[in-house]
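Undergrad:
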Amino acid sequence: LKSEHSSMDGRTYKTLKAEEFPRITFKLGSATVIPVKKNKFSVKANGTLTIAGSSKAITMMVNGEVREDGSINCTGQQKLKLTDFNIQPPSFMLGAMKVDNDLTIDYNLTFKN
């Protein structure tokens with residue numbers, strides 16, 4: 030994870046218990062593929078997202094594209110709240126700086142054969 034304020038990233042990692050839980054994971058339960066164009070598709074993915082050891086069922090919309098080389102590229106964005114994962118947004122410098130409760134995860138994955 031990276032924010033617009035790199036000085037806060039270390040504190041955010043601590044808040045997310047990154048040493049104990051170094052990964053944010055999504056376990057797919059079910060998916061519905063929706064064709065969009067010849068080589069493009071959308072996926073409605075239902076599953077469980079785990080952050081800092083706390084899990085929550087979510088639905089993600091994924092945009093996909095089959096490229097000429099046969100690889101598949103998937104992109105998307107997921108908006109979450111830290112408190113949904115039992116994480117209290119931290120504050121620093123006696124409350125002068127605060128981490129927002131809203132979290133946005135942007136992802137860009139390429140699958141190759």
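Note that my numbering numbers the sequence shown so that position 108 is 137, with each residue one more than the last. Where is the CB? At the ideal position from N, CA and C, for every residue including glycine. Just so it is clear, the structure is predicted and the values come from calculations on it, not from any experiment.
Would you kindly work out how many angstroms separate the C-alpha atoms of LYS66 and ARG96, rounded to a whole number?
TA: Approximately 12 Å, taken between the alpha carbons.
Undergrad: Can at least three beta-carbon pairs, one atom from the segment 71–84 and one from the segment 45–54, be found at a separation below 8 Å?
TA: Touching, yes, given that three or more Cβ pairs across the two stretches are closer than 8 Å.
Undergrad: Using CA coordinates, which residue listed in PHE121, GLU49, PHE140 and LYS141 is at the minimum distance from MET37?
TA: If we check each option's Cα against that of MET37, PHE121 comes out closest.
Undergrad: Using 8 Å as the cut-off, can you tell me whether the segment 71–79 makes contact with the segment 40–49, which would need three or more C-beta pairs spanning the two stretches below that distance?
TA: They do not touch, by the three-pair rule.
Undergrad: Given a threshold of 16 other Cβ atoms within 10 Å of its Cβ, counted over all protein chains shown, does VAL62 qualify as buried or as exposed?
TA: Exposed.
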